[in-house]
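6 protein chains.
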Amino acid sequence: MLSLVLPKGSLEAATLDLFDAADLAVRRGSDRDYHAVVDDPRIDRVRFLRPQEIPQYVEQGLFDLGITGRDWITETESDVVSLSELQYSKATGQPVRVVLAVPMDSPWRSAADLPDGVRISTEFPAMTRRFLDQHGVKAVVVPSYGATEAKVPDIVDAIVDLTETGSSLRKNGLRVLDTLLTSYTEVIANRGAHADRQKRAAMEDIVLLLGGAVRARRHVLVKLNVAAADLPAVLALMPAATSPTLMPLATGEHSAVEAVVPKATVNTLIPALKAAGGFDILELPISKIVE
Amino acid sequence: MLSLVLPKGSLEAATLDLFDAADLAVRRGSDRDYHAVVDDPRIDRVRFLRPQEIPQYVEQGLFDLGITGRDWITETESDVVSLSELQYSKATGQPVRVVLAVPMDSPWRSAADLPDGVRISTEFPAMTRRFLDQHGVKAVVVPSYGATEAKVPDIVDAIVDLTETGSSLRKNGLRVLDTLLTSYTEVIANRGAHADRQKRAAMEDIVLLLGGAVRARRHVLVKLNVAAADLPAVLALMPAATSPTLMPLATGEHSAVEAVVPKATVNTLIPALKAAGGFDILELPISKIVE
Amino acid sequence: MLSLVLPKGSLEAATLDLFDAADLAVRRGSDRDYHAVVDDPRIDRVRFLRPQEIPQYVEQGLFDLGITGRDWITETESDVVSLSELQYSKATGQPVRVVLAVPMDSPWRSAADLPDGVRISTEFPAMTRRFLDQHGVKAVVVPSYGATEAKVPDIVDAIVDLTETGSSLRKNGLRVLDTLLTSYTEVIANRGAHADRQKRAAMEDIVLLLGGAVRARRHVLVKLNVAAADLPAVLALMPAATSPTLMPLATGEHSAVEAVVPKATVNTLIPALKAAGGFDILELPISKIVE
Amino acid sequence: MLSLVLPKGSLEAATLDLFDAADLAVRRGSDRDYHAVVDDPRIDRVRFLRPQEIPQYVEQGLFDLGITGRDWITETESDVVSLSELQYSKATGQPVRVVLAVPMDSPWRSAADLPDGVRISTEFPAMTRRFLDQHGVKAVVVPSYGATEAKVPDIVDAIVDLTETGSSLRKNGLRVLDTLLTSYTEVIANRGAHADRQKRAAMEDIVLLLGGAVRARRHVLVKLNVAAADLPAVLALMPAATSPTLMPLATGEHSAVEAVVPKATVNTLIPALKAAGGFDILELPISKIVE
Amino acid sequence: MLSLVLPKGSLEAATLDLFDAADLAVRRGSDRDYHAVVDDPRIDRVRFLRPQEIPQYVEQGLFDLGITGRDWITETESDVVSLSELQYSKATGQPVRVVLAVPMDSPWRSAADLPDGVRISTEFPAMTRRFLDQHGVKAVVVPSYGATEAKVPDIVDAIVDLTETGSSLRKNGLRVLDTLLTSYTEVIANRGAHADRQKRAAMEDIVLLLGGAVRARRHVLVKLNVAAADLPAVLALMPAATSPTLMPLATGEHSAVEAVVPKATVNTLIPALKAAGGFDILELPISKIVE
Amino acid sequence: MLSLVLPKGSLEAATLDLFDAADLAVRRGSDRDYHAVVDDPRIDRVRFLRPQEIPQYVEQGLFDLGITGRDWITETESDVVSLSELQYSKATGQPVRVVLAVPMDSPWRSAADLPDGVRISTEFPAMTRRFLDQHGVKAVVVPSYGATEAKVPDIVDAIVDLTETGSSLRKNGLRVLDTLLTSYTEVIANRGAHADRQKRAAMEDIVLLLGGAVRARRHVLVKLNVAAADLPAVLALMPAATSPTLMPLATGEHSAVEAVVPKATVNTLIPALKAAGGFDILELPISKIVE
């Protein structure tokens, strides 16, 4: 019922892994195929296209649903419904950002300091022009087709580019002057399709499954046994958001406790649980969590 | 006690993965060894050979047990006991088939239309000849050693070849005229060894473990909590063959439900369970299922 | 609070996998970095160095905690506290050994038989000299920088070298005359740091997590249902060290049994459990076990 | 004295090979560096950039000399001096072409047949719009970022794309309707720099060396001995443009003949030379030819 | 005019290299294409097929010319014209042989010793049967599809297989009992095509070029200068089959000497030439030699 | 007659390439073999060993001839005869050096400034101790087993290490304080073997061939024709060390000139030769040069 477009290129492998984990495995004849199928009654067509092109195609109704980055949605000013952000990677609090970067030793302290005629290279010319207009800067925006950060200072004076940790900018002698956008990978939908009640329900199911898989990657299931006397101390250690499940054991005085906890807390939680009287502590991997 | 022969070549990696998952890990000095061992009291000899040759060797009693494809059992007309079909891959309703294929634009609509003297290339000459005899076709069967589908039309007029999705045939301008055989990977046994009571018991254990691992790949464990009022609705959603386990929770009014469900149904089941009142829904991976 | 030194080289990948499994993931800019971080409140500095150098640096207090082999601790006669042995690999009862090896056809039956002036090549010259002194042998010890086993007989008469399965020795026409040391990978600590109560508590937590991950690799969680009548037979089959958890099922006459069992026993245990009346038997993977 | 910009991406490896063969080896810290040096007194700065961007930068005087494709010079309508075409590959009469391609079964026979509103995907939007204007077609030009040929028919109705052999077009069910441009790799110069006498002399030396290396790839040195009587017949066989060198041999009645001949003619020339009385025929590889 | 079939598989890369060196470069869309072209006026069709199948296709006239091994020509008893043996590799006096091999410790000393009913595995069943008939042995010939040498002793008693150095046989505990065939790669022609005068001339040209390239791989061109007094000593050192070219130098008393010599003799020849008074000695690579 | 030991490890591939180019191809069963053969009547045994160990074994007479670095000859103070330096790489005037390096921002300006008790890590402890003794520095020398440059400042205060371009030192924040040794790869001989007249002659032949191949890599053969009038100008351009060969052409007024010139001069030489009246200029590759 839904047609779906997925990003070719740098997001491709991570997207396929996530759909696989969400029990929405995408199957193709080969890695280079642009058409695919998903064994799901709600998805009848799957296509791979460059992330730059996806927002427009979803806006135009060529596809009901798409996966792409917020950067390209903003660059193309596409009118689509954003259903969810997907955090693919396990770690890193720092999201991808689109930033204005200038040479380390330049005198500029804010975007407004940029002189008229400043040359700026970017893969996001529209977003860059809008941003500069807002700051009253009259710049020459030079479209870039890659390796933007290596064009300063001989080709341009500044750049607007994607950065994750900033290390590539630093390596090229640049510092961040301003942030235009913080960009996540998003699930987007066509407005018309989303207004259709049946299609919206199907979209919500897909988002539920994707979100459940993303969540599962950051959590584990902890199981342990505990004597009645130690139970309060053990429960007190469980992270706030957790609702542990208690089960009486056949052997009377002990209880079994199960709780889903963030993977990032396990390194301190497990020693603490043992110190509080927990025993036979097990950590099990989870494939999906839907609360 | 049992001697075992495994297929070298295209089935090799999948077979090793399956034995590993079945806790029957096959260990070899190197990937190119033809001899191996399994740490199991029931298996005393492991050998790798081409799948073409395996049916004959099992029939002749050189091995008690073997893994090979139905295609080669049929081609060689071997008299062996088939203990089980193994479905290695997670997905795909379409099994491997041995088909008769002809050029897209040829006039033939059925095997019987083939003219006398038609040239047919195949890796399965015996099976092909039997099939053509049944249809009263007098063909020149040309044995092939690979790339059969690329030999039409300059070398031969038609082929008999393995196909999974048919895409390689289409890419070579061929269409399927008839299907000679649908072929699965099978566990086969020597008739004499299978008549021996002790050996048969050992064979059944091996098949139990392999089957348990195959089954686990297609299922997951779903756990959830549910209020008493919603329990009937939740149970009603569980696939027919499922026998959910119910456990009372320490916190009175809720129950914990656990069920092994087919992985292929999870994409629709989890949204439905949530809609029916299930909460704290977890999906866990399984390594083996024995009912 | 703790500074940690990890081994560069052949143990590196396995050490990183283990820390990852222990929820102590080590993050580096690139594979060739010598500095890293662990997201853990107890570890504030991580360094990679050659395993040969690690025992001395831990003894000298440059690091609180280190991972290296017993072979290098002994070779350097470092005065450190050994907190735990880590068995990285799943299988193989045979640990790594430092052995004295001589040609197959040499007349020597024990170390004491070696004649004065015998030439011995080794990467462990200090350990070798101490060993030979104990046996009253006056040898020429030739330091080796690799491929020691290929130097007999044209360069030296015998070697002292690491061996795991002995196959490399045999391939070079050598046999083991004596064993100088059985060597495991160990977690070692600086004496002063270990005497500090707070640091020792932190060390014990780290060892608990590492040990829990190592243990989990060799075990699985088996779950099954059983009728009351068959329960004693099922419990009798469980390995001795196992303490199965029993849970009453909502459906009266059946019980659910869960037990952590060694992976190596599963191939015989599961068929036996089924024969004893167990049903709906599941095997689940485990990430960590803390008893 | 000269600054030079080389193309990053698909032309990169071939360009580096050619400069190496021209004794103008380009050295970089790593394959991913965007800056490099050449050990040559005439070149003081080397830069790698995307071929799309190079024509503009050379026009603007950011570089004196550049290597890029005619396709991008035309797309960007850059005003530069073209010094030489470089034919990198040994073979293939068919140059790269920018073509308008439509579905095999479409009714259109020329560009003028395209209906108003036709959707066309391309990496060359400017060139495409100019071409369509000339043919009076009002099209929607959709910029493409790769895999253009896989977008027909569901995304667009036609494409303008690069093609070498046309096989990728055919595989996607497309046929060529018209050719917009035949494109070679070219050495281009900035107008101002080229007007500077000293710079122009340096440019001519570089082009001489590059051309000498390109030429050497397509030629070989043939040496042979011949009796005086057969000399005229042998010389008559030499390709027209060839000026063979004759040397008297010490042994009186024979001559040695040497000639540089096109590699492509060797397969017919050598048998003919032998038939005409040539003997001791040798073919030697050449590194550079400057006539 | 000629159609040509080349061997797919183990001989493929070496064949392509040789045709390239012979200035008959074979071009394909990709490595997996089965059709190709050669830029030569005498060759109008090029096809890749398995070497097993080539002799028959050439006999049947599907191709005029083919490259395959003598082993398959003999096995298939194809009636073709053999135009030339090609020695692809630089070194090794030992050609490939088809041998009868038996276990090291078997009592048999010649083929005739083999008992009736002996089981022999081979990829050459026809050749094997003919050979055994000649020796009066009644054997069970078991067709093999690879790894023949690893089938003794549990599957068969002996094998007939290809061997180059014998090391694979030895590694499998086998020794050679008899040699059925010494096999080179050959250029073969269809009888009818070869009888056609024009086609035969074209074939001879192709063989001349291939042979010239093979010969060039084993030779180098040595150039040196020498004083008149030392000339006889220098010439006396040149290998017997060599006809050195002498050229007077402009500088009177010296001569330039050039000779094509076997690469294998250079390591002793060059020091000897220098000792005899040669100077400015150069060694140059050669691409083709036609005498 | 001669036994030869070659370096295992980082010099291995370059050494094998050089022996191949010298027509002394080294053949081994596999890349990991420690024994090899050379098809040369003067070499009867070839062995691979670590470069650290080679000087001692050659001194002790276990081998007649060896290839290793000057760094290890000096470190081990071995008494061997050095026959030749081998410059493997085409480029780089900067040889490998063993240097004393300290942090960029340290106050020390010469080795003598180092304070007593300074900690120095190195793979060359003996050479380091001798050097520090000469400068009156009392240091703690810490043996290193790799990654020495990454140990400053947390493990040691300074290092003695190999450097080629200095870039790895700079990347680790170090600067060179002093140079202990400039190290080339050398051909070394055992004193006794070298005193044997026949063995010395054989050694000189080997060195002649190796040197001829090294020299050939840095030179090319330039051939050109020139009119009598232009001959003096053309000859004047030839590099000083060159002795061009002049040959009269059959066509009277022109001469052929041939000269071996350094590859590094070709980029300026060829344009100059053309400007001076040279024509039909060819550059040919050379395999060996013996003057």
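Protein chains in written order, with the numbering used here: chain A, 7 to 297; chain B, 7 to 297; chain C, 7 to 297; chain D, 7 to 297; chain E, 7 to 297; chain F, 7 to 297.
All C-beta atoms in this analysis are idealised placements derived from N, C-alpha and C, irrespective of residue type, glycine included.
For residue i, the nearest candidate out of the options (CA to CA)
i                       : options                                : result
leucine 215 (chain B)   : C:Thr271, C:Arg223, C:Arg38            : C:Thr271
aspartate 163 (chain F) : F:Ala201, F:Ser127, F:Glu170           : F:Ser127
alanine 28 (chain C)    : C:Gln66, C:Asn231, C:Val228, C:Arg223  : C:Arg223
valine 11 (chain D)     : D:Leu30, D:Val44, D:Gln66, D:Ile73     : D:Ile73
alanine 132 (chain D)   : D:Ala208, D:Ala219, D:Val148, D:Leu120 : D:Val148
alanine 199 (chain A)   : A:Pro57, A:Arg56, A:Leu68, A:Val43     : A:Leu68
lysine 157 (chain A)    : D:Ala262, D:Glu210, D:Thr274, D:Tyr63  : D:Tyr63
leucine 230 (chain B)   : B:Trp78, B:Pro101, B:Phe285, B:Gln58   : B:Phe285
aspartate 46 (chain D)  : D:Trp78, D:Arg33, D:Phe54              : D:Arg33
8 Å contact criterion, which residue i and residue j should meet: CB distance rounded
i                       : j                       : result
aspartate 70 (chain E)  : lysine 205 (chain E)    : 6 Å
threonine 248 (chain F) : glutamate 264 (chain F) : Rounded, the Cβ-Cβ distance is 10 Å, inconsistent with contact.
aspartate 85 (chain C)  : arginine 197 (chain C)  : 7 Å
Reduced DSSP secondary structure (H/G/I, E/B, other) of residue i
i                        : result
alanine 195 (chain A)    : strand
isoleucine 302 (chain B) : Lying outside 7 to 297, the shown extent of chain B, residue 302 (chain B) is not represented and no answer is given.
serine 189 (chain C)     : strand
proline 250 (chain F)    : coil
serine 173 (chain C)     : helix
valine 162 (chain E)     : coil
8 Å Cβ cutoff, residue i in contact with chain E
i                        : result
arginine 56 (chain B)    : yes
lysine 269 (chain B)     : no
serine 287 (chain D)     : Reading off the sequence, residue 287 (chain D) comes out as isoleucine, not serine. Yes, because at least one Cβ of chain E sits closer than 8 Å to the Cβ of isoleucine 287 (chain D).
glutamate 18 (chain B)   : no
leucine 290 (chain D)    : yes
leucine 255 (chain D)    : yes
serine 293 (chain F)     : yes
isoleucine 161 (chain B) : yes
Neighbour flag for residue i against chain A, beta carbons, 8 Å
i                       : result
leucine 187 (chain B)   : no
glutamate 297 (chain C) : yes
alanine 304 (chain B)   : The structure shown does not extend to residue 304 (chain B), since chain B is modelled only from 7 to 297, so the question has no answer here.
C-beta neighbour in chain D for residue i, strict 8 Å
i                   : result
serine 88 (chain E) : no
Contact with chain F by residue i, beta-carbon distance below 8 Å
i                     : result
glycine 179 (chain D) : no
lysine 205 (chain E)  : no
Next item on the list: Only counting runs of 4 or more residues, tell me where the alpha helix (DSSP H) segments fall wholly within the region 203-247 of chain E, in order along the chain.
Entry: 203-223, 237-243
Item checked: Segments of 3+ residues assigned as beta strand (DSSP E) that fall wholly inside the region 94-144 of chain A -> 102-109, 125-128
Next item on the list: Quick one: which unbroken beta strand (DSSP E) runs of 3-plus residues sit fully inside the region 22-70 of chain A? Chain order, please.
Entry: 41-44, 49-55
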